[in-house]
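**Student:** Sending over a structure as structure tokens; questions will come in a sec.
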Amino acid sequence: PEGAKFLATSRVCPNQAFRYRNAYGLQFHIEVTRDMLSGWMEENPERDKTLRVFDRMAQDFERQAKTLYSNFLWLADICKRSDKPLRRTNRY
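With the sequence shown counted from 1, adding 195 to any position gets you our numbering.
Given below as structure tokens:
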């Protein structure tokens, strides 16, 4: 959307992640595991090459996923404990 801030991009998908005001959009699977990726690429001739790349980056992927999950749960907990309704602000 107009005014969105892009957070991640790639050659294949230029809109991998973005923030628009207080909403976030992700166009990738942060939860992906090696087994999931292997299954998705079962018929792909680039499967072995892609899995080798995944293996090299797996620790980074896992660390980033845990950070994203932790931040999301932290925000959700703040909203849950708040006695005030959420409202839009112009800070974004």
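For glycine and all other residues, C-beta sits at the position ideal for the given N, C-alpha and C.
1) Output needed for Gly-220: all residues of its chain with C-beta closer than 7 Å, excluding positions within five of it in sequence on either side, in chain order.
2) Does the beta-carbon distance from Arg-229 to Leu-246 come in below 8 Å?
3) If you draw a straight line from the C-alpha of Arg-242 to the C-alpha of Ser-233, how long is it?
4) Taking the alpha-carbon of Pro-209 as reference, which of Asn-266, Gln-222 and Gly-198 has the nearest alpha-carbon?
5) To which residues of the same chain is Phe-249 closer than 7 Å at the C-beta, ignoring the five residues directly before and after it?
6) Do Ala-260 and Ile-225 have their beta-carbon atoms positioned less than 8 Å apart in this structure?
**Tutor:** The short version:
1) Correct list, in chain order: Ala-212 and Phe-213.
2) Taking 8 Å as the cut-off, the Cβ atoms of Arg-229 and Leu-246 count as close.
3) Computed Cα separation, rounded: 7 Å.
4) Pro-209 has its Cα closest to that of Gln-222, out of Asn-266, Gln-222 and Gly-198.
5) Arg-229 and Leu-232.
6) Going by C-beta atoms, Ile-225 is nearer than 8 Å to Ala-260.
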